[in-house]
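Student: Residue numbering for the sequence shown follows my numbering, beginning at 203 and increasing consecutively.
Idealized CB from N, CA, C, for every residue including glycine.
As the structure is a computational prediction, the values presented were derived from the model and not from experiment.
Below is the structure I would like to discuss, written out as structure tokens.
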Amino acid sequence: MQNPLKILYPDQCVACGGLVDGAGGLCAACWAGTPFIDGLVCDACGAPLLGEAAGARPQCDGCMAEHPPWAQGRSVMAYRDSGRRMVLGLKHSDRLDLVRPMASWMAARGAVLKSGDKVLVPVPLHWTRLLMRRFNQAALLAREVARIWGCDTVPDALIRTRRTRPQERMTKAERLENQAGAIRVNPARATRVAGSSVVLVDDVMTSGATLSVAARALKDAGAERVCVLTLARVVKEP
Ligand SMILES: [Zn+2]
Ligand SMILES: [Zn+2]
Numbered sequence: 203m204q205n206p207l208k209i210l211y212p213d214q215c216v217a218c219g220g221l222v223d224g225a226g227g228l229c230a231a232c233w234a235g236t237p238f239i240d241g242l243v244c245d246a247c248g249a250p251l252l253g254e255a256a257g258a259r260p261q262c263d264g265c266m267a268e269h270p271p272w273a274q275g276r277s278v279m280a281y282r283d284s285g286r287r288m289v290l291g292l293k294h295s296d297r298l299d300l301v302r303p304m305a306s307w308m309a310a311r312g313a314v315l316k317s318g319d320k321v322l323v324p325v326p327l328h329w330t331r332l333l334m335r336r337f338n339q340a341a342l343l344a345r346e347v348a349r350i351w352g353c354d355t356v357p358d359a360l361i362r363t364r365r366t367r368p369q370e371r372m373t374k375a376e377r378l379e380n381q382a383g384a385i386r387v388n389p390a391r392a393t394r395v396a397g398s399s400v401v402l403v404d405d406v407m408t409s410g411a412t413l414s415v416a417a418r419a420l421k422d423a424g425a426e427r428v429c430v431l432t433l434a435r436v437v438k439e440p
């Protein structure tokens, strides 16, 4: 019988192309060199926390001051070094071979979000960007995580009503302004969202502004609970 891991994972390291001796899509050196977020994290935004766990659901200072508009959040890795290179490889270089290993890391990291009957919803791209890139990386990740978890994904639950400006140099307030009203629940999927427990999926969390707008849209449409799962997130160095 064929080894099932051979089907799930490629034989080459997805980061360096070297041979992979174990499961997970990365060689031992790249695995060690990837800034995975493990250990204690903020239950709300998934940022790494220093020190010991304070209570069952520890939170970072930012989330204690202002809780994000979703219940719980997790990210697989910090958006820097090889973490950043892999995300950009998926986004801009058609590295679709990255989807399976990345989604398997997300499914494992986000296992705490899995309980109950979930619906996975990707953060949408505007159709003009979809034409340029040909695929929405968030939708590919959501579909694969849903397959691993054995739950549904609704790829068009959210739609972009207009194109937003690139956000690289914006503050969080400017990003929120830029995204305000830009993401809505697709009226054709409103019944799928209402009363559901949704895990919102994206490739990267930067300020969280896009995810906030998307989470609010889902809540406004009657989603019972919204959690956030991203492949990578910007982590402020202490
Ligand atoms: Zn490697
Ligand atoms: Zn937090």
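Where does threonine 432 fall in DSSP's three states?
Tutor: Three-state result, threonine 432: strand.
Student: Can you give me the C-alpha to C-alpha distance between glutamine 204 and aspartate 213, rounded to a whole angstrom?
Tutor: The pLDDT assigned to glutamine 204 is 47, lower than 50, so where the model puts this residue is not dependable, and the model offers no usable value.
Student: Out of Leu333, Asn388 and Arg286, which has the shortest C-alpha to C-alpha gap to alanine 217?
Tutor: When only C-alpha atoms are compared, the closest one is Arg286.
Student: Between the Cα of isoleucine 350 and those of Met334, Met288, Ala375 and Leu322, spot the shortest distance and give me the residue it belongs to.
Tutor: Answer by Cα proximity: Leu322.
Student: Per DSSP, what are the beta-bridge partners of glutamine 214 in this structure?
Tutor: Its beta-bridge partners are Leu221.
Student: If the criterion is Cβ atoms closer than 7 Å, does the pair leucine 252 and cysteine 244 meet it?
Tutor: Their beta carbons are not under 7 Å apart, which means leucine 252 does not touch cysteine 244 by this criterion.
Student: Go ahead and label isoleucine 306 buried or exposed: buried means 16 or more other beta carbons lie within 10 angstroms of its beta carbon, across all protein chains shown.
Tutor: Checking the displayed sequence, the identity of residue 306 turns out to be serine instead of isoleucine. Serine 306 comes out buried.
Student: Please give me, in chain order, every unbroken run of the alpha helix (DSSP H) with length at least 4 that falls completely inside the region 225-274.
Tutor: Segments of the alpha helix (DSSP H) lying fully in the region 225-274: 230-235 and 263-267.
Student: Is cysteine 244 near ligand 2, judged by its Cβ being under 6 Å from some heavy atom?
Tutor: Under cutoff, so the answer is yes.
Student: Excluding the 5 residues preceding and the 5 following alanine 267 in the sequence, name in chain order all residues of the same chain whose CB lies nearer than 6 Å to its CB.
Tutor: So no residue of the chain qualifies.
Student: Who are the near neighbours of glycine 226 in its chain, counting only those whose CB is closer than 8 Å to its CB and skipping five residues on each side?
Tutor: Only Tyr211, Trp233, Pro303, Ser306 and Trp307 meet the Cβ criterion.
Student: Cα separation between leucine 327 and serine 295?
Tutor: Leucine 327 and serine 295: Cα-Cα distance of roughly 17 Å.
Student: Give every residue of the same chain whose Cβ lies closer than 8 Å to the Cβ of leucine 143, excluding the five residues on either side of it in the sequence, and list them in chain order.
Tutor: Residue coverage of the chain in this structure runs from 203 to 440, which leaves residue 143 outside it and unanswerable.
Student: Is it the case that the CB of alanine 434 approaches a heavy atom of ligand 2 more closely than 6 Å?
Tutor: Outside the cutoff, so no.
Student: Are the CB atoms of proline 368 and proline 324 nearer to each other than 7 Å?
Tutor: In this structure, proline 324 does not lie closer than 7 Å to proline 368 by Cβ.
Student: With three or more C-beta pairs closer than 8 Å as the rule, is the region 377-388 touching the region 312-320?
Tutor: With the cut-off at 8 Å, the region 312-320 and the region 377-388 do not touch.
Student: Check the DSSP bridge columns for lysine 320 and list the partner residues they point to.
Tutor: In the DSSP output, where bridge partners are listed per residue, lysine 320 has Ser399.
Student: Taking the alpha helix (DSSP H) that leucine 420 belongs to, which residues open and close that run?
Tutor: Counting along the chain, the alpha helix (DSSP H) containing leucine 420 begins and ends at 411-422.
Student: Thinking just about the alpha-carbon of each residue, which of Arg259, Val289 and Ala392 is nearest to the one in threonine 408?
Tutor: Per the Cα distances, Val289.
Student: Go ahead and pull the three-state DSSP assignment for aspartate 358.
Tutor: Aspartate 358: coil per DSSP, three-state reduction.
Student: Quick check on lysine 438: buried or exposed, where buried means 16 or more other Cβ atoms within 10 Å of its Cβ?
Tutor: So lysine 438 ends up on the exposed side.
Student: Looking at the unbroken beta strand (DSSP E) that takes in valine 387, where does it start and where does it end?
Tutor: Per DSSP, valine 387 belongs to the beta strand (DSSP E) from 385-387.
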